[in-house]
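To start, the structure itself, in structure tokens.
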Amino acid sequence: MAIENYKAINWNRVSDMIDKATWEKLTEQFWLDTRIPVSNDMDDWRELDDDHRWVVGHVFGGLTLLDTLQSEAGLTALKEDVKTQHETAVLNNIQFMESVHAKSYSTIFSTLNTPDEIEEIFHWSDTEEYLQNKAIKIENLYLDPNEDPLKKKIANVFLETFLFYSGFYTPLYYLGHNKLNNVAEIIKLILRDESVHGTYIGYKFQVGMKQLSTKRQQEIKDWMYDFLYELYDNEEKYTQLLYNQVGWTDDVLTFIRYNANKALMNLGQDPLFPDTDEDVNPVVMNGISTTTSNHDFFSQVGNGYRLGAVEAMADSDYHVASPNDGKNADDKE
Ligand SMILES: [Fe+2]
Ligand SMILES: [Fe+2]
Numbered sequence: 608m609a610i611e612n613y614k615a616i617n618w619n620r621v622s623d624m625i626d627k628a629t630w631e632k633l634t635e636q637f638w639l640d641t642r643i644p645v646s647n648d649m650d651d652w653r654e655l656d657d658d659h660r661w662v663v664g665h666v667f668g669g670l671t672l673l674d675t676l677q678s679e680a681g682l683t684a685l686k687e688d689v690k691t692q693h694e695t696a697v698l699n700n701i702q703f704m705e706s707v708h709a710k711s712y713s714t715i716f717s718t719l720n721t722p723d724e725i726e727e728i729f730h731w732s733d734t735e736e737y738l739q740n741k742a743i744k745i746e747n748l749y750l751d752p753n754e755d756p757l758k759k760k761i762a763n764v765f766l767e768t769f770l771f772y773s774g775f776y777t778p779l780y781y782l783g784h785n786k787l788n789n790v791a792e793i794i795k796l797i798l799r800d801e802s803v804h805g806t807y808i809g810y811k812f813q814v815g816m817k818q819l820s821t822k823r824q825q826e827i828k829d830w831m832y833d834f835l836y837e838l839y840d841n842e843e844k845y846t847q848l849l850y851n852q853v854g855w856t857d858d859v860l861t862f863i864r865y866n867a868n869k870a871l872m873n874l875g876q877d878p879l880f881p882d883t884d885e886d887v888n889p890v891v892m893n894g895i896s897t898t899t900s901n902h903d904f905f906s907q908v909g910n911g912y913r914l915g916a917v918e919a920m921a922d923s924d925y926h927v928a929s930p931n932d933g934k935n936a937d938d939k940e
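854 is the number that my numbering gives to position 247 of the sequence shown; each next residue is one higher, with no gaps.
Set out below in structure tokens:
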């Protein structure tokens, strides 16, 4: 039984301004899959051969599984270790958006694939060994009540900023070739979200780390790099399975090592792999550069935190000029 009074969340007293800035960023970039006209990609889709179609379908099957995991156990686990009520509110937003992400792949499937193909893709996602390996490894961490909450944050950032990218490679590749643009539009919106999620959860991890002894910090760090190696090892096999048939495996592996470094950066750690943006296939890099400028957002927030100037709404804000508009007597400055 609770012995303390229940507290109403007060957005006029925010102790961590990153919570408020992230809430504003995420609500500002809210979107829904149903607004994107995926059927406009049918001509591009018909031009693909069976092997490439297989890759697109199964890549999205894998991403559906990972976004489902985030929308269920992933964010539920993070909500058990919040420092502020505003953090819970932000995590609620993230959790719902993970459900939007997971659903958006079904919107793509229902347009591009036949009912039998969709059945096969979901059967594959629910049973494929290397995909299930990573999902279950991370789910076990999330669900273990005795596991360190900081390790759950590490797993979360690895998923957000590293493990999604073997899948994102395909739509970004097509985007770079000006193909499947509406599918890519959905993926760009997902990427934009994941970029904020990974940065925010990484930031909360770093706040938690600062409270620990140097010895404990080192233990967590060692665990983190071991876990990354373990996941990368599995990711290599997953990537081969998906991409060997179209010959993209090496390029995809470069891309995921580059993103593994980004995940470490979100967690405040040094990179592990030598790969930089210059090693990534420029076509894919081109696709990604149109999507995410969120690192600028966070560096601005982190650096003393500046919000845009806010002023109260006036009547004139509701006045929309039209060509026939003369001077309006009610209009006052
Ligand atoms: Fe997601
Ligand atoms: Fe996410």
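By construction, the Cβ of each residue, glycine as well, lies at the ideal position given by its N, Cα and C atoms.
Fair warning: this is a prediction, and the values are worked out from it, not measured in the lab.
Spatially closest choice to L698 from A680, T714 and K710, by CA coordinates:
Locating residue 698 in the sequence shown gives position 91, where the first residue counts as 1. Cα-wise, what sits closest to L698 is A680.
Short Cβ contact (7 Å threshold) for S678 with S706:
Position 71 of the sequence shown, counting from 1, holds the residue named residue 678. Position 99 of the sequence shown, counting from 1, holds the residue named residue 706. In this structure, S706 lies closer than 7 Å to S678 by Cβ.
Other residues of its chain near N910: CB distance less than 6 Å, five sequence neighbours each side excluded
Along the sequence shown, one-based indexing puts residue 910 at 303. Its pLDDT being 34, under 50, N910 is placed unreliably in this model, and the coordinates cannot settle the point.
Where does N910 fall in DSSP's three states?
Your numbering for residue 910 matches position 303 in the sequence shown. Its pLDDT being 34, under 50, N910 is placed unreliably by the model, and the measurement read from it follows with that caveat. Three-state DSSP puts N910 in coil, outside helix and strand.
Taking any heavy atom of ligand 1 as the mark, which residues have a C-beta closer than 5 Å to it, listed down the chain?
Residues flagged by the Cβ proximity filter: D674, E705 and H708.
Ligand 2 and E767: does the residue's C-beta get closer than 6 Å to at least one heavy atom of that ligand?
Position 160 of the sequence shown, counted from the start, is the residue given in the question as residue 767. Between ligand 2 and the CB of E767, the shortest heavy atom gap is smaller than 6 Å.
Identify, in the order they occur along the chain, each residue of the same chain with its Cβ nearer than 6 Å to the Cβ of D882, setting aside the five sequence neighbours on each side.
Taking the first residue of the sequence shown as position 1, residue 882 is located at position 275. Listed in chain order, the non-local C-beta contacts of D882 below 6 Å within the same chain comprise T861, R864 and Y865, local neighbours out to five positions each way being set aside.
For S717, count the other beta carbons within 10 Å of its own beta carbon; 16 or more makes it buried, fewer makes it exposed. Which is it?
Walking along the sequence shown from the start, residue 717 turns up at place 110. In summary, S717 is exposed, with fewer than 16 beta-carbon neighbours lying within 10 Å of its beta-carbon over all protein chains present.
Span separating the alpha-carbon of G815 from that of W652:
Position 208 of the sequence shown, counted from the start, is the residue given in the question as residue 815. Position 45 of the sequence shown, counted from the start, is the residue given in the question as residue 652. Each residue's alpha carbon lies about 46 Å from the other.
Please report the straight-line C-alpha distance between V803 and L633, rounded to a whole angstrom.
Translated into positions along the sequence shown, residue 803 becomes position 196. Translated into positions along the sequence shown, residue 633 becomes position 26. If you take the alpha carbons of V803 and L633, they lie about 8 Å apart.
When the cut-off is 7 Å and only beta carbons count, does E724 lie next to chain D?
Of the chains in the structure shown, none is chain D; there is only one protein chain.
Residues in the same chain with beta-carbon distance under 7 Å from T695, minus the five sequence neighbours each way, listed in chain order, please.
Residue numbering aside, residue 695 sits at position 88 when the sequence shown is read from its first letter. Answer for T695: K686 and V689, listed in chain order.
I'd like to know whether the C-beta atoms of T854 and Q813 end up nearer to each other than 7 Å.
Your numbering for residue 854 matches position 247 in the sequence shown. Your numbering for residue 813 matches position 206 in the sequence shown. Here residue 854 turns out to be Gly, not Thr, going by the sequence shown. Not a contact, by the Cβ cut-off of 7 Å.
Rounding to the nearest angstrom, what Cα-Cα distance links E726 and E801 in this structure?
For the purposes of this step, residue 726 is taken as the residue at position 119 of the sequence shown. For the purposes of this step, residue 801 is taken as the residue at position 194 of the sequence shown. Rounded to the nearest angstrom, the two C-alpha atoms are 27 Å apart.
So the alpha helix (DSSP H) G805 belongs to, where does it begin and stop?
In the sequence shown, the residue the question calls residue 805 occupies position 198. G805 -> alpha helix (DSSP H) spans N788 to K817.
Could you give the distance in angstroms between the alpha-carbon of I728 and the alpha-carbon of A709?
Here residue 728 refers to the residue found at position 121 of the sequence shown. Here residue 709 refers to the residue found at position 102 of the sequence shown. When only Cα atoms are considered, I728 and A709 end up about 14 Å apart.
Leaving out the 5 sequence neighbours to the left and right, which residues in its chain are closer than 7 Å to Y810 when beta-carbon positions are compared?
Reading the sequence shown from its first residue, position 203 is the one you call residue 810. Closer than 7 Å at the Cβ level, and outside the excluded window around Y810, lie I625.
By Cβ distance, which residues of its chain are closer than 6 Å to L719, with the 5 residues on each side in sequence left out?
Stepping through the sequence shown from its first residue, residue 719 is reached at position 112. Excluding positions up to five away in sequence, the list reads W652.
Out of curiosity, what's the CA-to-CA distance linking N747 and G669?
As a first step, residue 747 must be located in the sequence shown, where it is residue number 140. As a first step, residue 669 must be located in the sequence shown, where it is residue number 62. Whole-angstrom Cα-Cα distance: 18 Å.
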